[in-house]
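J.:
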Amino acid sequence: MEIHDEGLLRLFFQSTRDPGAAVAIERLAGEQIAAHEQRLAQYQALVASGLLRPGTPRRATLEAGLRLEQLMIDFWREVGAGRD
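At position 31 of the sequence shown the residue is numbered 31 (UniProt numbering), and the sequence of numbers has no breaks.
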């Protein structure tokens, strides 16, 4: 599986030697939480619309997206709290 995520890339290259690194990482985490929450809300709206019936390949793909977005929200909350 490949993950192309700008936030993870930015986190990877974040310098820990910079005196403001903790603040920068906390800010990045906040930005990423907001972005993933927005995407999660969009996916939840698709579920609520009833357009994608349970048991179909498209709905299964959507379910994976829902789980991935929630996972990323949880991850960034931990990073933002300094518990990576």
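By construction, the Cβ of each residue, glycine as well, lies at the ideal position given by its N, Cα and C atoms.
With a threshold of 7 Å on Cβ separation, who are the neighbours of E37 within its own chain once the five nearest residues in sequence on each side are excluded?
T.: Correct list, in chain order: I73.
J.: Could you say if the segment 44-61 and the segment 12-30 meet the contact criterion of at least three C-beta pairs nearer than 8 Å?
T.: No, the segment 44-61 does not touch the segment 12-30.
J.: Thinking C-beta only, is L40 closer than 8 Å to E69?
T.: Result yes, Cβ atoms of E69 and L40 sit closer than 8 Å.
J.: Pick from H4, L66 and E31: whose alpha carbon is nearest that of A48?
T.: Out of H4, L66 and E31, L66 has the C-alpha closest to the C-alpha of A48.
J.: Looking at the structure shown, is S49 part of a helix, part of a strand, or coil, going by DSSP?
T.: Reduced to three states, the DSSP call for S49 is helix.
J.: DSSP on G80, reduced to helix/strand/coil?
T.: Of the three classes helix, strand and coil, the one that applies to G80 here is helix, per DSSP.
J.: Thinking C-beta only, is W76 closer than 8 Å to L45?
T.: Leu is not the amino acid found at residue 45; the sequence shown has Ala there. Going by C-beta atoms, A45 is not nearer than 8 Å to W76.
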